[in-house]
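Report on the following structure.
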Amino acid sequence: MMTLSRRLLIAVLVLYAANAQGASNEREPHIGYLYPAGGQQGCVIKIAVGGQFIKDANEVYVTGQGAHGSVIRYIGRVKPLNGDERKELQRRLSELRKKQQGPGKKNMPPAAQDANKPADVNKSEEANEPPVTLPDHPLLRNLEKLSPKGLQKVAEEFLSNKYPVSMQISEVAIIEITIDPNAEPGDRELRLGSRGGLTNPLCFQIGTLPETREPEYKDPGKPFTPKVNVPILLNGQILPGEADRFRFSAKKGQNLTIEAQARHLVPYLADAVPGWFQATLTLYDAKGKELAYAGNYLFNPDPVLFYRITRDGDYELEIRDSIYRGREDFVYRVSVSEQPFITQMFPLGGQTGIFTVASIQGWNLDTNEMPLDTTPGGGAIRQAQLRKNNRRSNRVPYAVDSLPECNEIEDNGTTEDAQHITLPQIVNGRISKPGDVDIFRFDANAGDEIAAEVYARRLNSPLDSLLWLSDANGKVLGYNDDNGDKNVGLLTHNADSYLRLRLSEKGTYFVHLADSQNHGGPDYGYRLRISAPQPDFVLLAAPSSINILPGGTVPVTIEVLRKDGFNGEIKLALKDASSGFKLSGEKIPAGCERLRVTLTAPQKPLEQPINLRLEGQAKIDGQTISRPVTPAEDMMQAFIYRHMVPSQEFMVMTRFPNRRAPMLELVDDNNIKIPAGGTAKVRVKMPKRPAAAPAPAIYLELSEPPAGLKLGDMNITPGEMMLTIAADGNTAKVGLVDNLIVDISADPPKNPQGDKKRPPQQRVYIGTLPAITCEIVQRQDSEARPKKND
626 MMTLSRRLLI AVLVLYAANA QGASNEREPH IGYLYPAGGQ QGCVIKIAVG GQFIKDANEV
686 YVTGQGAHGS VIRYIGRVKP LNGDERKELQ RRLSELRKKQ QGPGKKNMPP AAQDANKPAD
746 VNKSEEANEP PVTLPDHPLL RNLEKLSPKG LQKVAEEFLS NKYPVSMQIS EVAIIEITID
806 PNAEPGDREL RLGSRGGLTN PLCFQIGTLP ETREPEYKDP GKPFTPKVNV PILLNGQILP
866 GEADRFRFSA KKGQNLTIEA QARHLVPYLA DAVPGWFQAT LTLYDAKGKE LAYAGNYLFN
926 PDPVLFYRIT RDGDYELEIR DSIYRGREDF VYRVSVSEQP FITQMFPLGG QTGIFTVASI
986 QGWNLDTNEM PLDTTPGGGA IRQAQLRKNN RRSNRVPYAV DSLPECNEIE DNGTTEDAQH
1046 ITLPQIVNGR ISKPGDVDIF RFDANAGDEI AAEVYARRLN SPLDSLLWLS DANGKVLGYN
1106 DDNGDKNVGL LTHNADSYLR LRLSEKGTYF VHLADSQNHG GPDYGYRLRI SAPQPDFVLL
1166 AAPSSINILP GGTVPVTIEV LRKDGFNGEI KLALKDASSG FKLSGEKIPA GCERLRVTLT
1226 APQKPLEQPI NLRLEGQAKI DGQTISRPVT PAEDMMQAFI YRHMVPSQEF MVMTRFPNRR
1286 APMLELVDDN NIKIPAGGTA KVRVKMPKRP AAAPAPAIYL ELSEPPAGLK LGDMNITPGE
1346 MMLTIAADGN TAKVGLVDNL IVDISADPPK NPQGDKKRPP QQRVYIGTLP AITCEIVQRQ
1406 DSEARPKKND
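Per my numbering, the very first residue in the sequence shown carries number 626; after that it's consecutive.
Okay, here's the thing in C-alpha cells:
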C-alpha cells in the first residue's frame, strides 16, 4: 500500500510533470546549415536555415556587433514524397512529357517510364478535395520550364527513391539578416531561439566583397553558367552529382586568389564519410580547357587556387564535391579576387611582451613583413591578418609564450654540428629541405625532467614532425611522432610531437627534429620548446548552447587537457556570480580528464540569452593559476569520431519561461563516500503540496554512471526523499572520484477518453538533481562481515 507521504510526493512531482508536459520532452532545436552562410557589409540578406525541431523559432542571435536578424517564416519539413505526392508528381511529369514529346516510352530510363505512367485519377479532384501540393524543393519548382532531360532528372531523384533526406536538416526556416556597413568582417556565430531554447551555433561570415549566389532555379537537363564580375564571393549548395559553374572575365596579369570555404562552415557531418563536404575547384578557359585544379590546401580540406591570368578573356570556375556527393548542407562560399593571401610566415610566434615582426610570403602581398601582437593577457595561440582598406588577407595562427626564444642556426644536422641551447628555450626553425634533421644540444643534471614539444601543424605549417631524444652515446631515450591535442578540434591529424622524460645521468643530450615523411621546404616552420615541464591545463565545456527551465538543472560536460604532467585538482567557478546560476560538482578530481557537472538556473526567467563565463583554478607550484573555460560543441565525424570544436560564446537561455522546474535540492553536502560492495544515502529536499489526484509512478535514473554504481531503494518522507546508491564490490573502482547525475521522470498523463489514435508517449522528464560527487572507498572489514553474537 502506498503511504500518504509517498502519495503527496508523487502528486507534487506529477504537478510538475503536467507543467512540463510538451516542454521537457520536446527535443532541443538543432541547425545543420545556413544558406548563404554569410553576407557583405551593409547588406540585408535572406537565409535558409536547415535543421530539426525549429518550427517555433522566433529569434535570431548573432555574436558580435553590427549584425542582427529576424525569422521570416517556417517552410516546413523536407521529407520523402508520400503516396499521394508521388502520384501527383507522376501525373504532372506525364502531362509535361506528353506536351514536349508526345506519347511513347521508347528508349526512356525506368524512372522516366515510371513518371510517364498515366495517373489513374486525381483522387483529390474526383472527391472535390483540394489538390495535392508538392513539397517546396528547388527541383520541384517551375516544372513547366524544365527540358525533357530536366524532367527525367526530377523523376530519377524523386520517383526512384534516390534522393537522400537527413532528419537533422529536414526542416527549413527563412530568416533575414541586416549587416551594418561598418560591421567587423570575419566569422560570427548564429543561433536560432524559440520557446524551446537555443540551437547550436553555426558559422556566419561577414565579408567585404560583393556577393552572389547560384541561380535558385536550375534546370538539371540544361546547365546554365551565370556570368559574374570579379571580385566576387560566390554562394551555393551542392546536391548529389552536381557541379556548379560560374563564368567571369579576367585580364592578363591579374593574380587571382580563389578561396573556398566549405568544411569551415560546417566542420563535421555525422552521417557522411569522410565527415565533411570535400570541395574541389577547377578553372577552365573559354574553350573548356582545364587550367588549374585545387583539392586540399596543404592539410586543410578547403581548397585554395592561385592563378596568374595570361590572356584577356572569359574563364569558368567549377565547384563540386570530390566524389560527387551532395545535399543541402553541402554549402560553400568561394571568393574570386586579387585579395592578399599569406602562404608562409616566420617565425611562427614570439615571446610575451617582446615586439615581434614576422616575415611573410604569399600571393598579392603589399609587404613582406607583419607585426605580431604579443601583449600579455592574450591567448597562447592567436590570429594575425594583413589589413589595408578593404583588402584583407587570410588569418594565420601564431603562438605566444613567456619562455626565452632563439632562432635555429643551420647547419645543425649532426650531433657534432648540433646547435647548443640553454634551457628553458623556444627555438624558431624550419625543416628547410627534404630529409633535413635539426639537432639541438643541451646539458642537464641527473634527475632533471625534460619536456620537448613541437608547435607546427597547429600553426598551419605542413610539417609532420618526428621528435626524439638521445644521450651523448647516441642511445635513443624517447621518441614521439604524433601527440593528440583536443583543444584543436578541427585538426583530424594531430601531427605535432611531444616528449617528457626524466634523465638518469648528468651529461649532454640531443633533441632531434625531422619531418616523418622526409619532406621539407621554407614553409615547414616550427616552434620547438625544450624546458623543464610547465604544468598547466586547458578546459572545454560542451554544449555551448544551454537550454534550461527556470529553477532547473542541466548537465554540462567539461573536457580537461592536462599539460606537462599536471595532475592536480581543478575548481570551476562562474566568473559572474550575480547571474544567479550555480555550479554543482565543480571540483575536477586529480587526474580526471572528463567530468560532468551541473548548472542550476535561478527561479526568475531570463529576459534574453546571456553569455556565461566559466574559469578553472588550480594550485601549481604553490601558486593559484586561473584559466578560462572555452565553450565548445561535441561534434561527430563520419558516424564514429568525436571532436570538441571551440565556440565563441557559452550561451544560456531560459526555455519555456512560463514553466518552472521542481525545486530539488540536496539537503547535505553533495560529497558522499560509497564503500565498494556497500551503499550510501543521499537526502533530497522536495516541495510540499497536497495531493490533488491519483498519480502514476516516478522514475530515477543515473545518467552515464561510472562502472559498478547503481540506484538502490528510495525512501520518502514528507518534503524529503532519501536515495540509496550502491557500489558493486567487483566492478566499482576503489579510489574513483566522479559526479553522479540523477534524472527524474514520470509516466505521462493518461490517454484522455481512451483515444486510440493517440500514439504512446514517452515518460515525462521532470528534472535533474544537482551533481552528487562520490568517492569509491575500500570497504572496512566491519562492514564486510557481520559481528558474531557474544
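Built from N, CA and C at the ideal position, the CB exists for glycine as well.
Task: Coarse secondary structure for residue 1404, derived from DSSP in three states - done: coil
Task: Residue closest to residue 949, alpha-carbon to alpha-carbon, out of 868, 1334, 806 and 1263 - done: 868
TODO: Pick out whichever of 967, 984 and 1003 has its Cα sitting closest to the Cα of residue 977.
DONE: 1003
- [ ] Assign residue 979 to buried or exposed, taking buried as 16 or more other Cβ atoms, counted over all protein chains shown, within 10 Å of its Cβ.
- [x] exposed
- [ ] Quick one: residues in its chain with C-beta nearer than 8 angstroms to the C-beta of residue 987, no 5 flanking neighbours on either side, listed in chain order?
- [x] 965, 966, 967, 968, 969 and 1018
Open item on the list: With a threshold of 8 angstroms on Cβ separation, who are the neighbours of residue 1299 within its own chain once the five nearest residues in sequence on each side are excluded?
Closed with: 1305, 1334, 1350, 1351, 1352, 1357, 1399, 1400, 1401 and 1402
Task: Whether residue 1348 touches residue 1309 by CB criterion (8 angstroms) - done: yes
TODO: Assign residue 1398 to one of three DSSP states: helix, strand, or coil.
DONE: strand
Open item on the list: Please classify residue 1077 as buried or exposed, where buried requires at least 16 neighbouring CB atoms within 10 angstroms.
Closed with: buried
Task: Residues of its chain near residue 1245, where Cβ-Cβ distance is below 8 angstroms and the 5 sequence neighbours each way are ignored - done: 1160, 1161, 1191 and 1193
Task: Sequence-distant residues of the same chain with beta carbon closer than 6 angstroms to residue 1120, five excluded per side - done: 1082, 1089 and 1107
- [ ] Determine, using beta carbons only, whether residue 927 and residue 886 come nearer to each other than 8 angstroms.
- [x] yes
- [ ] Could you tell me how far apart the beta carbons of residue 803 and residue 655 are, in whole angstroms, since I believe they sit closer than 8 angstroms?
- [x] Actually they do not touch by this definition, with Cβ atoms about 25 angstroms apart.
TODO: Specify, as a first and last residue, the run of the beta strand (DSSP E) that residue 1261 falls within.
DONE: 1248 to 1262
Task: Element boundaries [beta strand (DSSP E), containing residue 970] - done: 966 to 971
Task: C-alpha gap between residue 908 and residue 695, whole angstroms - done: 38 angstroms
Open item on the list: Within 8 angstroms, do at least three Cβ pairs link the segment 1166 to 1178 to the segment 1252 to 1268?
Closed with: yes
Task: At least three beta-carbon pairs within less than 8 angstroms, the segment 1039 to 1052 to the segment 1149 to 1156 - done: yes
Task: Three-state secondary structure (DSSP) of residue 876 - done: coil
Task: Where residue 1276 falls, given that 16 or more other Cβ within 10 Å makes a residue buried - done: buried
Task: Buried versus exposed, by CB contacts within 10 Å (16 or more), residue 813 - done: buried
Open item on the list: Please report the distance separating the alpha-carbon of residue 1262 from that of residue 894.
Closed with: 6 angstroms
Task: Touch test, the segment 916 to 924 against the segment 953 to 965, Cβ-Cβ under 8 angstroms, three pairs minimum - done: no
- [ ] Throw me the rounded Cβ distance for the residue 679 and residue 817 pair, which I believe falls under 8 angstroms.
- [x] 6 angstroms
Open item on the list: Can you tell me whether residue 1104 is buried or exposed? The criterion is at least 16 other CB atoms within 10 Å of its CB, across all chains shown.
Closed with: exposed
Task: Through-space distance from residue 1295 to residue 1143, alpha-carbon basis - done: 55 angstroms
Task: Rounded Cβ spacing between residue 657 and residue 675 (contact assumed at less than 8 angstroms) - done: 5 angstroms
Task: Best match in 1055, 1111, 1355 and 1141 for proximity to residue 1188 [C-alpha to C-alpha] - done: 1111
Task: Beta-carbon contacts of residue 1249 that lie in its chain and below 7 angstroms, excluding the five residues immediately before and after - done: 1242
Task: Proximity to residue 984 [Cα-Cα], best of 959, 1010, 932 and 831 - done: 1010
- [ ] Go ahead and label residue 1000 buried or exposed: buried means 16 or more other beta carbons lie within 10 angstroms of its beta carbon, across all protein chains shown.
- [x] exposed
Task: DSSP state of residue 773 mapped onto helix, strand, coil - done: helix
Task: Within 8 angstroms, strictly: CB atoms of residue 924 and residue 1118 - done: yes
Open item on the list: Cutting at 8 angstroms between CB atoms, please list the residues of its own chain near residue 1202, excluding the five before and the five after it.
Closed with: none
TODO: Would you kindly check if the distance between the Cβ of residue 1271 and the Cβ of residue 1109 is under 8 angstroms?
DONE: no
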